[in-house]
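Chains as they are written, first to last, in the working numbering: chain L, 827 to 1016; chain R, 2 to 385.
Quick notes on the structure that follows.
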């Protein structure tokens, strides 16, 4: 019986090791989105966040950049394997910005975390009309207070969005300019 | 079982636990004298110490609902139930939009906002708190502790993990480590006894269960057994029936509905907002349907139901949302978001004048709203 927890710990740590460097320069995110990076990021394996691709500067769970590229109508925006009893949050092509933000809010608070919208405004993203939003999130698992920043647009019925969140006091302000730059550089192929 | 899970087991989770026990057992049971703090070197003393540390964290938690008036109100209800144990019961209100309450062996009681949203009156809250106090008075957690200690993995996990983490998480796990049916039955019997002694109508205990069932049955899968709360408990109908039977043994008592409504009124809008944003649309509609049947003119309920319909957006939902929003406005005192929701639907339907009017009204009522920039852009767009 003693081997079971040790094995669990081993696999937990092994999972943490799945990190790949993303070099600066122009990068393709999925089939239709391109961004230009002015510095490197770390891409991590995060099955719990699929279909988002997850990048981080400091390592999860400190900070994470969730990249949604080409999410289709009716596609669920989070992993469904864990917590199967809970409601799924799915994108609909006809969603307005406030509904998309509400969808992300629902997804981010499935674990009991609390979300507060700070600002939602129109903004160009990916070369199209879109929106930008800011939020605060109190994470249930450890009570850490995060700040978050998101960008999104719907192009040809598909959702493209970036969400970045990090502890509000030090990490978020440190990396926010880099995320803003990345969002400004985003281009979506039509 | 990890440490957090064990600690959760140390708290009495009652959501699914309103299990009636035999009336004879209730008659034979006597309220014990106040408990002395167990010796620190004992297993029970260790459990108390852990819970003390959790309570310190809970006090600092951003999820703690710090409102002295509401805190005092709920604490007073708990005290009326606990009798001479009142000084040992410390109520902590927790902002979490789920139906739950729990009580640790050291007297730390958590009451979640989702529970306070759902109960109709003081007596229904007293039914849940009384059940929790029942676990406490019968010291069921000590038996749980000794059962947990007999499991080989327990000690290893305790040593492996230092920090326990958020106390608010405990209740989520508690259902998975539920008490035995015997414990639940006894706690429920004690709860009804305490309700009677405090002057509450014990018939309200069965209604708590009945109301919760409405939400669970409304889930898309309609399968209550998938909930951890129900996996370890007797069938709902049996429990509801037995609770009603216990109450019939001694009818009468107060429900205090008006007092409860006044007490929670300042928080209702926030709690409804959190309920809507859970995204559990079918459960929310069942809950709101019940609330609207009780208070059809309350604008907040109509707004919340409109929001749920709008966000669900199934066939016919947007028409229903408009109906609800208009009913909220007709009732007066509607949340500003009512006008935003209406504007969103009118805009999507290309009813530009109506959309513009609704958005303008929203901006008048909530000029500092976080989405005001977006709404202003819509107003401009609709001018052209």
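The beta-carbon is built from N, C-alpha and C at its ideal position, and this holds for glycine as well.
Discussion item. What are the residues in the segment 80-108 of chain R lying within 9 Å of chain L by C-beta distance?
Written reply: Along the segment 80-108 of chain R, the positions whose C-beta sits under 9 Å from a C-beta of chain L are 96, 97, 98, 99, read in chain order.
Discussion item. Buried or exposed for residue 885/L, going by 16 or more other Cβ atoms inside 10 Å?
Written reply: Stepping through the first chain from its first residue, residue 885/L is reached at position 59. Exposed, since its Cβ has fewer than 16 Cβ neighbours within 10 Å.
Worksheet item: To the nearest angstrom, how far is it from the Cα of residue 267/R to the Cα of residue 863/L?
Response: Numbered from 1 along the second chain, position 266 holds the residue referred to as residue 267/R. Numbered from 1 along the first chain, position 37 holds the residue referred to as residue 863/L. Distance between the alpha carbons of residue 267/R and residue 863/L is about 47 Å.
Worksheet entry | Rounded C-alpha distance that separates residue 248/R from residue 204/R | Stepping through the second chain from its first residue, residue 248/R is reached at position 247. Stepping through the second chain from its first residue, residue 204/R is reached at position 203. The straight-line gap separating the alpha-carbon atoms of residue 248/R and residue 204/R is approximately 5 Å.
Worksheet entry | residue 991/L, DSSP secondary structure in three states | In the first chain, residue 991/L corresponds to position 165, counting from 1. If DSSP states are grouped into helix, strand and coil, residue 991/L belongs with the strands.
Discussion item. In the DSSP assignment, the beta strand (DSSP E) including residue 92/R goes from what residue to what residue?
Written reply: Against the second chain, residue 92/R aligns to sequence position 91. First-last of the beta strand (DSSP E) with residue 92/R: 91-95.
Worksheet entry | Residues sharing a beta bridge with residue 1014/L, DSSP | Position 188 of the first chain, counted from the start, is the residue given in the question as residue 1014/L. Its beta-bridge partners are 859/L.
Worksheet item: Any idea if residue 221/R is buried or exposed, counting beta-carbon neighbours within 10 angstroms, 16 or more meaning buried?
Response: To locate residue 221/R, count along the second chain from 1; it is residue 220. Result: exposed.
Worksheet item: Which value, in whole angstroms, describes the spacing of the CA atoms of residue 242/R and residue 207/R?
Response: As a first step, residue 242/R is located in the second chain; it is residue number 241 there, counting from the start. As a first step, residue 207/R is located in the second chain; it is residue number 206 there, counting from the start. Residue 242/R and residue 207/R: Cα-Cα distance of roughly 7 Å.
Fill in: Of the listed residues 86/R, 117/R, 334/R, nearest to residue 1/R (C-alpha basis)
No information on residue 1/R is available, as it lies outside the stretch 2 to 385 that chain R covers here.
Discussion item. At 4 residues or longer, what runs of the alpha helix (DSSP H) sit wholly inside the segment 953-1003 of chain L?
Written reply: The segment 953-1003 of chain L contains no whole alpha helix (DSSP H) run of 4 or more residues.
Discussion item. Rounded to whole angstroms, what is the Cα-Cα separation between residue 40/R and residue 30/R?
Written reply: Counted from its first residue, the second chain places residue 40/R at position 39. Counted from its first residue, the second chain places residue 30/R at position 29. Cα-Cα distance, rounded: 26 Å.
Worksheet item: Whole-angstrom Cβ separation of residue 103/R and residue 133/R, contact assumed at under 8 Å?
Response: Looking up residue 103/R in the second chain gives position 102. Looking up residue 133/R in the second chain gives position 132. Contact holds; Cβ gap of about 7 Å.
Worksheet entry | Cα-Cα separation, residue 913/L to residue 43/R | On the first chain, residue 913/L is found 87 positions in, with the first residue counted as 1. On the second chain, residue 43/R is found 42 positions in, with the first residue counted as 1. If I take the Cα positions, the gap works out to 43 Å.
Worksheet item: What does residue 932/L touch in chain R if you count any residue whose Cβ is under 8 Å from its own?
Response: Locating residue 932/L in the first chain gives position 106, counting from the first residue. The answer, in chain order, is 278, 279, 280.
Worksheet entry | Positions along the segment 58-70 of chain R whose CB lies within less than 9 Å of some CB in chain L | 58, 61, 62, 63, 64
Worksheet item: Do we get a CB-CB distance below 8 Å when we pair residue 986/L with the residues of chain R?
Response: Against the first chain, residue 986/L aligns to sequence position 160. Output row for residue 986/L: interface = no.
Item to complete: Quick one: grab the DSSP three-state call for residue 847/L.
Response: Translated into positions along the first chain, residue 847/L becomes position 21. In this structure, residue 847/L counts as strand in the three-state DSSP scheme.
Worksheet entry | Any chain L beta carbon closer than 8 Å to residue 371/R | The residue you call residue 371/R lines up with position 370 of the second chain. Judged by the 8 Å Cβ criterion, residue 371/R is in contact with chain L.
Fill in: residue 383/R at chain L interface by Cβ criterion, 8 Å
As a position in the second chain, residue 383/R is number 382, starting the count at 1. No - not a single Cβ of chain L is within 8 Å of the one on residue 383/R.
Worksheet item: Rounded to a whole number of angstroms, what is the C-alpha to C-alpha distance between residue 849/L and residue 868/L?
Response: If you number the first chain from 1, residue 849/L lands on position 23. If you number the first chain from 1, residue 868/L lands on position 42. Approximately 9 Å, taken between the alpha carbons.
Worksheet item: Excluding five sequence neighbours on each side, which residues of the same chain lie with their C-beta closer than 6 Å to the C-beta of residue 108/R?
Response: Start at 1 with the first residue of the second chain, and residue 108/R comes out as number 107. Here the set comprises 89, 90, 91.
Fill in: Distance between residue 846/L and residue 135/R (C-alpha atoms, nearest Å)
Numbered from 1 along the second chain, position 134 holds the residue referred to as residue 135/R. Numbered from 1 along the first chain, position 20 holds the residue referred to as residue 846/L. Cα-Cα distance, rounded: 54 Å.
Worksheet item: Apart from the five residues on each side of it in sequence, which residues of its chain come closer than 8 Å, Cβ to Cβ, to residue 851/L?
Response: Within the first chain, numbered from 1, the residue matching residue 851/L stands at position 25. Result list for residue 851/L: 862, 863, in chain order.
Fill in: Extent of the continuous beta strand (DSSP E) to which residue 110/R belongs
The residue you call residue 110/R lines up with position 109 of the second chain. Its beta strand (DSSP E) spans residues 109-113.
Fill in: Three CB pairs or more closer than 8 Å across the segment 326-333 of chain R and the segment 297-309 of chain R
yes
Worksheet entry | Three-state secondary structure assigned by DSSP to residue 903/L | In the first chain, counting from the first residue as 1, residue 903/L sits at position 77. Correct three-state label for residue 903/L: coil.
Fill in: Endpoints, the alpha helix (DSSP H) within which residue 268/R is located
One-based indexing of the second chain puts residue 268/R at position 267. 258-278 is the extent of the alpha helix (DSSP H) around residue 268/R.
Discussion item. DSSP three-state label for residue 785/L, please.
Written reply: The displayed coordinates of chain L run from 827 to 1016. Any statement about residue 785/L would go beyond what the structure contains.
Worksheet item: What number of angstroms, rounded off, separates the C-alpha of residue 384/R from the C-alpha of residue 357/R?
Response: Position 383 of the second chain, counting from 1, holds the residue named residue 384/R. Position 356 of the second chain, counting from 1, holds the residue named residue 357/R. Cα to Cα, residue 384/R sits roughly 8 Å from residue 357/R.
Worksheet entry | First through last residue of the beta strand (DSSP E) which encompasses residue 255/R | Here the question's residue 255/R lines up with position 254 in the second chain. Run containing residue 255/R: none; DSSP gives neither H nor E here.
Worksheet item: Are the segment 997-1007 of chain L and the segment 933-941 of chain L touching, with three or more C-beta to C-beta distances below 8 Å?
Response: no
Fill in: Buried or exposed (CB count within 10 angstroms, at least 16 for buried), residue 874/L
In the first chain, the residue the question calls residue 874/L occupies position 48. Under this definition residue 874/L is an exposed residue.
Discussion item. Taking DSSP's pairing of strands, which residues face residue 854/L in a bridge?
Written reply: Counting from one through the first chain, the residue named residue 854/L turns up at place 28. 860/L, per the DSSP bridge assignment.
Discussion item. In whole angstroms, give me the CA-to-CA distance for residue 317/R and residue 311/R.
Written reply: Sequence index remark: in the second chain, residue 317/R carries index 316 (1-based). Sequence index remark: in the second chain, residue 311/R carries index 310 (1-based). Looking at the two C-alpha atoms, the distance is approximately 10 Å.
Item to complete: Report yes if the CB atom of residue 322/R is closer than 8 Å to the CB atom of residue 283/R, and no otherwise.
Response: If you number the second chain from 1, residue 322/R lands on position 321. If you number the second chain from 1, residue 283/R lands on position 282. Contact flag unset, no.
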